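Report on one structure; see the data block that follows.
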Amino acid sequence: MVVGSMVIPKYSDPKTIYTPKDIQFDSLSEHSVNLTYMQAWRAKEKALQFLRGHPADSYNKLPSYLYILEKTYPGSVVKLKKTNDDCFLYIFVVICTSISGWEYCRPVVVVDETFLKSAYNGIMLTASTIDATSTILPLAYAVVDSENNVSWKWFFEQFKLAYGERANMCVVSDRNESILKATFIIYPGMPHYSCMWHIWTNIWEKFKKEHLKLSELYFATARSYTLDEFNERMSKIEEIDPRVKAYLYDIGYHRWSRVHAT
78 MVVGSMVIPK YSDPKTIYTP KDIQFDSLSE HSVNLTYMQA WRAKEKALQF
128 LRGHPADSYN KLPSYLYILE KTYPGSVVKL KKTNDDCFLY IFVVICTSIS
178 GWEYCRPVVV VDETFLKSAY NGIMLTASTI DATSTILPLA YAVVDSENNV
228 SWKWFFEQFK LAYGERANMC VVSDRNESIL KATFIIYPGM PHYSCMWHIW
278 TNIWEKFKKE HLKLSELYFA TARSYTLDEF NERMSKIEEI DPRVKAYLYD
328 IGYHRWSRVH AT
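Take a look at the structure:
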């Protein structure tokens with residue numbers, strides 16, 4: 078606790094980057110005290126807790142935060158879902174400016190997810206689109222307990238309440254089955270396409286031949302404007318590794334190829 082109180086001033090500015098290794102170095106050079114990494118890490122945690130409070134307590138502030146967000150940005154959509162015993166389960170946020178900008182963007186919704194690396198874990202779900210200048214516009218984000226059928230269905234339910242449905246609208250994502258099921262239920266009949274980059278990362282992990290050539294050919298194939306270009310490049314992929322061609326065929330050319338998309 079003594080070391081923690083000594084480093085509190087270092088964290089008064091939230092933009093400060095002051096790592097446990099920095100604490101170790103300063104402790105040794107300024108006070109001739111040799112701290113272990115764990116001791117320095119605990120000192121940092123104590124200092125941050127003193128300045129910001131315990132992270133677990135911030136869950137109690139979520140209703141107030143969402144209330145202020147709605148008041149500050151009228152027209153925003155926020156939703157907090159709790160468990161039966163009144164504990165946090167899901168949160169969903171759409172800012173009003175994203176809603177007003179959506180109608181001027183292409184009707185393409187790109188959804189993705191990422192792990193939250195902290196003591197409390199969880200998954201962040203996101204939706205974004207691209208405007209006329211190919212700039213990414215964030216549409217919505219949510220924090221959920223895990224990535225599953227229920228959480229994705231809830232996410233798309235809230236998304237539809239906020240944005241509705243547009244003509245020629247489609248969803249692009251990785252090949253997560255929960256996303257496919259959720260879009261089928263909430264947006265029946267809406268096309269679903271696979272993210273080119275996610276497909277490539279799967280190819281890179283599954284097949285170990287000539288990644289550099291495969292990468293150039295795969296992305297060129299996906300972006301082909303004519304069937305002749307597509308077939309020629311696909312033949313070259315087959316020459317390198319027939320398994321890759323079979324893998325891409327099984328996904329469905331219409332899900333990742335420009336020339337086959339409807």
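In the numbering used here, each residue carries its 1-based index in the sequence shown increased by 77. Here a beta-carbon is modelled for each residue, glycine too, at the ideal position from N, C-alpha and C. Because the structure is a prediction, the values reported are computed rather than measured.
- Task: Measuring alpha carbon to alpha carbon, tell me which of Met311, Tyr324, Ala297, Val248 ends up nearest Ile280.
- Result: Here residue 280 refers to the residue found at position 203 when the sequence shown is read from its first residue. Considering only alpha carbons, the answer is Tyr324.
- Message: I'd like to know whether the C-beta atoms of Leu214 and Thr206 end up nearer to each other than 8 Å.
- Response: Here residue 214 refers to the residue found at position 137 of the sequence shown. Here residue 206 refers to the residue found at position 129 of the sequence shown. Cβ distance < 8 Å, so Leu214 and Thr206 count as in contact.
- Task: Whole angstroms is fine: what's the gap from Glu190's alpha carbon to Asn225's?
- Result: Numbered from its first residue, the sequence shown carries residue 190 at position 113. Numbered from its first residue, the sequence shown carries residue 225 at position 148. For Glu190 and Asn225, the gap between their C-alpha atoms comes out near 11 Å.
- Taking C-beta to C-beta, are Lys158 and Leu166 nearer than 8 Å? By one-based count along the sequence shown, residue 158 stands at place 81. By one-based count along the sequence shown, residue 166 stands at place 89. Going by beta carbons, Lys158 and Leu166 fall inside the 8 Å limit.
- Query: Taking just the CA atoms, how far does Ser228 sit from Ile262?
  - Reply: Counting from 1 along the sequence shown, the entry for residue 262 is found at position 185. Counting from 1 along the sequence shown, the entry for residue 228 is found at position 151. About 13 Å.
- Give a yes or no on whether the minimum CB-CB distance between Ile263 and chain D is below 8 Å. The chain labelled as chain D is not found in the depicted structure, where only one protein chain is given.
- Message: My assumption, with CB atoms under 8 Å, is that Ala204 sits in contact with Phe236. Please give the rounded CB distance.
- Response: As a working mapping, residue 204 is identified with position 127 in the sequence shown. As a working mapping, residue 236 is identified with position 159 in the sequence shown. About 6 Å separates the two Cβ atoms, so the contact holds.
- Hey, quick one: how far does the alpha helix (DSSP H) through Ile100 stretch, first residue to last? Against the sequence shown, residue 100 aligns to sequence position 23. Ile100 -> alpha helix (DSSP H) spans 97-108.
- Opposite Asp208 in the DSSP bridges: which residues? In the sequence shown, residue 208 corresponds to position 131, counting from 1. In the DSSP output, where bridge partners are listed per residue, Asp208 has none listed.
- Span separating the alpha-carbon of Leu238 from that of Val154: By one-based count along the sequence shown, residue 238 stands at place 161. By one-based count along the sequence shown, residue 154 stands at place 77. Each residue's Cα considered, the two are about 9 Å apart.
- Where does Leu325 fall in DSSP's three states? Taking the first residue of the sequence shown as 1, we reach residue 325 at position 248. Here Leu325 sits in helix by DSSP.
- Item | Span of the beta strand (DSSP E), counted from its first residue to its last, around Lys159 | Residue mapping note: residue 159 aligns to position 82 of the sequence shown, counting from 1. Looking at the DSSP string, the run of the beta strand (DSSP E) that includes Lys159 is 154-159.
- Message: As an exercise, report each continuous beta strand (DSSP E) stretch of at least 3 residues that is fully enclosed by the region 168-253, in chain order.
- Response: 185-192, 200-207, 213-221, 247-250
- Selection from Glu122, Lys258, Ala299, Tyr264 that minimises the alpha carbon distance to Cys272: Indexing the sequence shown from 1 puts residue 272 at position 195. Closest option to Cys272, Cα to Cα, is Ala299.
- Note the first and the last residue of the continuous alpha helix (DSSP H) segment covering His337. Position 260 of the sequence shown, counting from 1, holds the residue named residue 337. Element bounds for His337: n/a, residue is neither H nor E.
- Message: For a test of the three-state rule: what should DSSP assign to His269, helix, strand or coil?
- Response: For the purposes of this step, residue 269 is taken as the residue at position 192 of the sequence shown. Reduced to three states, the DSSP call for His269 is strand.
- Pull up the DSSP beta-bridge partners for Trp165, would you. Translated into positions along the sequence shown, residue 165 becomes position 88. The identity of residue 165 in the sequence shown is Phe, whereas the question assumes Trp. Looking at the DSSP assignment, Phe165 forms a beta bridge with Lys159.
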